[in-house]
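*Asks:* My questions will all concern the structure given below.
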Amino acid sequence: MKLNFTGSSDPGLIRSSNQDAYYIDPDGRFFIVADGMGGHAGGEQASRIATQEIQTFLVSHWNTAEQTPKLLENALWQANQAIIADQKQHPERADMGTTVVAVIFRSTDSPWCAHVGDSRLYRFRDSQLQQVTEDHTWIARAIKLGDITVEEARSHPYRHILSRCLGREDLHQVDVQPLDVKLGDRLLLCSDGLTEELNNENIADHLRNTAILEKATLSLTEAAKEQGGHDNITIVIVSLEEKAQA
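So the sequence shown is numbered by my numbering: it starts at 79 and just counts up by one.
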């Protein structure tokens with residue numbers, strides 16, 4: 079199996095800064111998207127720390143005997159502690175935090191995903207889009223309990239309230255899950271700057287109609303901006319393809 083991948087981050091049309099961050103391992107071993115919060119400087123710092131700490135931890139522990147899901151989980155815990163340490167050194171950034179979603183491909187293991195917050199992972203298979211991660215938000219829980227519909231949630235005033243994020247002493251759980259993938263699948267990691275503007279069917283349409291990954295990323299970003307571009311828009315797409323024959 080061969081992985082093709084691309085990513086981009088756009089500030090959108092309203093924000094004066096970009097508090098998102100992403101990282102793509104050059105060898106395609108792992109992929110990260112983070113969406114910072116806590117003001118201009120705080121949000122940028124939190125997402126930057128998260129992506130750097132996760133990257134550094136995974137690279138430095140890659141060849142250890144640690145099981146893949148535990149390795150990924152520990153990388154996110156390391157990022158959480160690093161953000162907290164920075165908060166203590168810089169009280170002006172005490173409220174900063176970040177969401178994160180990360181996917182890892184390691185040796186013969188199935189790929190795994192870890193996430194905290196409302197940055198999402200989707201799987202696009204056979205022209206159908208499926209959300210893999212479950213948002214850690216007040217509104218996602220309300221939908222699950224049947225208190226509110228998905229359509230009502232899209233304009234609800236509490237839709238941005240997170241129940242978990244990195245950068246909190248009271249973070250007690252990181253969601254880690256194996257991924258069911260096969261040749262032909264695409265994985266989409268994104269911040270909520272995309273999903274706030276486009277619903278799942280809109281996103282699927284762009285993936286159906288655009289085979290080249292870079293063009294799909296640009297198409298999705300421009301579509302989100304056409305709908306208002308109210309937040310930073312960060313997208314990473316990973317395509318699982320057959321290896322070329324020698």
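All C-beta atoms in this analysis are idealised placements derived from N, C-alpha and C, irrespective of residue type, glycine included.
#1: Tell me which residues share the same chain as Arg184 and place their Cβ nearer than 7 Å to its Cβ, disregarding the 5 neighbours each side in the sequence.
#2: Which term fits Asp213, buried or exposed, when burial requires 16 or more other beta carbons within 10 angstroms of its beta carbon?
#3: Which ranges does the beta strand (DSSP E) cover as unbroken runs of at least 3 residues, wholly within the segment 175-262, from first to last along the chain?
#4: Among the candidates Asp173, Val137, Glu274, Gly307, whose CA atom is the shortest distance from the CA of Ser95?
#5: Just to confirm the assignment, what range does the alpha helix (DSSP H) spanning Thr295 have?
#6: Within 10 angstroms of the Cβ of Glu170, are there 16 or more other Cβ atoms? Answer buried if so, exposed if not.
#7: Quick check on the DSSP output: the alpha helix (DSSP H) that includes Thr84 runs from which residue to which?
#8: According to DSSP, which residues form a beta bridge with Glu279?
#9: Which class does Arg93 belong to by DSSP, given the choice of helix, strand or coil?
#10: Based on Cα-Cα distance, which residue from Ser317, Asn310, Val314, Val316 lies nearest to Arg93?
#11: Do Leu318 and Leu81 have their C-beta atoms closer together than 8 Å?
#12: Classify Gln251 as buried or exposed, calling it buried when 16 or more other Cβ atoms lie within 10 Å of its own Cβ.
*Replies:* With the structure as the only source:
#1: As a working mapping, residue 184 is identified with position 106 in the sequence shown. If we look at Arg184 and ignore the five residues flanking it on each side, its Cβ neighbours are Arg107, Thr146.
#2: For this step, residue 213 is matched to residue 135 along the sequence shown. By the neighbour-count rule (16 or more Cβ atoms within 10 Å), Asp213 is buried.
#3: 175-182, 190-194, 198-203, 206-209, 253-256, all fully within the segment 175-262.
#4: Position 17 of the sequence shown, counted from the start, is the residue given in the question as residue 95. Nearest of Asp173, Val137, Glu274, Gly307 to Ser95, Cα basis: Gly307.
#5: On the sequence shown, position 217 is the one that residue 295 refers to. Per DSSP, Thr295 belongs to the alpha helix (DSSP H) from 291-304.
#6: For the purposes of this step, residue 170 is taken as residue 92 along the sequence shown, with counting starting at 1. Answer is exposed; the Cβ neighbour count stays below 16.
#7: In the sequence shown, the residue the question calls residue 84 occupies position 6. Run containing Thr84: none in the alpha helix (DSSP H); it sits in the beta strand (DSSP E), 80-88.
#8: In the sequence shown, counting from the first residue as 1, residue 279 sits at position 201. Note: Glu279 sits in no beta bridge, so no partner.
#9: Numbered from its first residue, the sequence shown carries residue 93 at position 15. Reduced to three states, the DSSP call for Arg93 is coil.
#10: Along the sequence shown, one-based indexing puts residue 93 at 15. For the residues Ser317, Asn310, Val314, Val316, the minimum Cα distance to Arg93 belongs to Asn310.
#11: Translated into the one-based positions of the sequence shown, residue 318 becomes position 240. Translated into the one-based positions of the sequence shown, residue 81 becomes position 3. A contact, by the Cβ cut-off of 8 Å.
#12: Stepping through the sequence shown from its first residue, residue 251 is reached at position 173. Around the Cβ of Gln251, a 10 Å sphere holds fewer than 16 other Cβ atoms; the residue is exposed.
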